[in-house]
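In what follows, a single structure is set out as structure tokens and then discussed.
Residue numbers (the UniProt record's numbering): 1 to 251.
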């Protein structure tokens, strides 16, 4: 069983490439509008048991998700593309790079606490109703894209709770630095970032290259809200320019 690498962009561009890793409870459906707002080659990982792969058994660990992802992504393409990973996807992305034995051109993590700053058991006792409140309050709803009906809402909650179980059991990746630049972005109003810049800035130790930590307006995954697609890509391009010019504090 492998994860699926799917093309999200209709562009014929052979220039910049971007690989997206969804957050807990996320599917690639949530990224279609975002991918359509750029002329770059945008691809994404669809986890087993999610989205169009709902009939397949889901992974039982974050490490298994990464192994499946590594099997799906061509190493050469991965190494020349920018990986953008959201929430749980950040850990899957780092684990995937470690399994492939190469770093992406850059890694941009969004609303993901640095591995060594995590509290793995934080959501261990959360039930569906509690997570439903979090789901609606913190910006996860646009990511799931399934609030149109009670049935789809239940489906989205099931995905989220299943992925949170993986996160609760996950103890973090091997302490192996990536060689690529890393940017860590978090929403100013993300309630999960109670430790603030310390949680985001903790990503600095995971790269031997440039690092940028940024706080942006909005809540958890607010960068994915509908209507902010152009703003999102403009931010990504500024980060890329900062890395290229070796001025990591300009974003």
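C-beta: ideal position from N, C-alpha, C; glycine also.
query                                                                                                                                                            : result
Please return the same chain residues whose Cβ sits closer than 7 Å to the Cβ of residue 233, not counting the five positions on each side in sequence.          : 37, 38
Put residue 189 into one of helix, strand or coil per three-state DSSP.                                                                                          : coil
With a Cβ-Cβ cutoff of 8 Å, do residue 4 and residue 53 count as a contact?                                                                                      : yes
May I have the straight-line CA-CA distance separating residue 19 from residue 238, to the nearest angstrom?                                                     : 17 Å
With distances taken from CA atoms, which of 29, 105, 45, 9 is nearest residue 21?                                                                               : 45
Is the number of C-beta pairs between the stretch 94-112 and the stretch 173-188 that are closer than 8 Å three or more?                                         : yes
What separation, rounded to the nearest whole angstrom, lies between the Cα atoms of residue 83 and residue 28?                                                  : 15 Å
Pull up the CB-CB distance for residue 86 and residue 104, whole angstroms please, since I reckon it's below 8 Å.                                                : About 15 Å separates the two Cβ atoms, so there is no contact after all.
Just to confirm the assignment: which complete beta strand (DSSP E) runs, minimum length 3, are found wholly within the stretch 83-124?                          : 106-110
With H, G and I counted as helix, E and B as strand and the rest as coil, what does DSSP make of residue 170?                                                    : coil
If you follow the alpha helix (DSSP H) that residue 46 is in, where does it begin and where does it stop?                                                        : Here residue 46 belongs to no alpha helix (DSSP H); instead the beta strand (DSSP E) covers 41-46.
With DSSP collapsed to three states, give me the class of residue 213.                                                                                           : strand
Tell me, please, which residues DSSP counts as bridged to residue 184.                                                                                           : 109, 213
Considering only the beta carbon of each residue, do residue 218 and residue 225 sit closer than 8 Å?                                                            : yes
Quick check on DSSP: helix, strand or coil for residue 162?                                                                                                      : helix
Going by DSSP in three states, residue 34 sits in which element: helix, strand or coil?                                                                          : helix
Using a Cβ-Cβ cutoff of less than 7 Å, which residues in the same chain neighbour residue 63 once the five nearest sequence positions on both sides are dropped? : 95
Reducing DSSP to helix, strand and coil, say where residue 143 ends up.                                                                                          : Note that residue 143 has pLDDT 44, beneath the 50 cutoff, so the model's placement of it is unreliable and the number below is only indicative. Residue 143 falls in the helix class under three-state DSSP.
Using a threshold of 8 Å, state whether the C-beta atoms of residue 163 and residue 25 are closer than that.                                                     : yes
Helix, strand or coil, according to DSSP, for residue 220 in the structure here?                                                                                 : coil
Got a sec, what are the start and stop residues for the alpha helix (DSSP H) residue 239 sits in?                                                                : 229-244
Grab me the residues of residue 48's own chain with a C-beta within less than 7 Å of its C-beta, minus the 5 sequence neighbours each way, in chain order.       : 1, 3, 56, 57, 58, 59, 68
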